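See below for the structure under consideration.
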Amino acid sequence: MSRDWADLSAIQKAAYNIDLDPVGLPPRVHVTKQSLYSLVNVTSMPAQLAKRICYFYRRDYCCMDLPIPRICRGVVDCKGV
441 MSRDWADLSA
451 IQKAAYNIDL
461 DPVGLPPRVH
471 VTKQSLYSLV
481 NVTSMPAQLA
491 KRICYFYRRD
501 YCCMDLPIPR
511 ICRGVVDCKG
521 V
């Protein structure tokens with residue numbers, strides 16, 4: 441990626457006299473149950489929408505053994521998954 445960015449920077453400099461800032465690699469995120477759980481916070485949205493999202497991700501909650509938010513109980517049932 442850094443080589444591609446350097447090439448693009450050279451093209452922009454030659455064509456438009458623009459200097460692009462160097463780009464670094466994104467920081468690595470250690471994936472935990474809590475970090476996966478916090479990707480979508482269903483407590484901050486309307487209940488009906490939250491329940492639809494819970495239903496859509498029900499297998500993820502079960503297969504990854506994620507904590508099931510209170511609003512998802514009754515929508516997400518991990519028995520038999």
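So our numbering is basically just the index in the sequence shown, starting at one, shifted up by 440. Think of the CB as a built atom: it goes at the ideal place given N, C-alpha and C, for glycine as much as any other residue. Only a predicted model underlies this, so the values are computations on that prediction, with no experimental measurement involved.
*Measuring CB to CB, does Val515 end up less than 8 Å from Cys502?*
no
**Asked** Which first and last residues belong to the alpha helix (DSSP H) in which Leu448 is found?
**Response** Ser442 to Tyr456
For the putative contact between Asp459 and Lys453, defined by C-beta atoms under 8 Å, what is the C-beta separation to the nearest angstrom?
Between Asp459 and Lys453 a beta carbon distance of about 6 Å is seen, short of the 8 Å cut, so the two are scored as contacting.
**Request:** Can you say whether Cys518 is buried or exposed, counting buried as having 16 or more other CB atoms within 10 angstroms of its CB?
**Result:** exposed
Next on the checklist: Tell me which residue opens and which closes the alpha helix (DSSP H) that Arg499 is part of.
Outcome noted: Arg498 to Cys503
**Message:** Is it buried or exposed, Ala450, if we count other Cβ atoms within 10 angstroms and call 16 or more buried?
**Reply:** Classification of Ala450: exposed, given that the 10 Å Cβ count is below 16.
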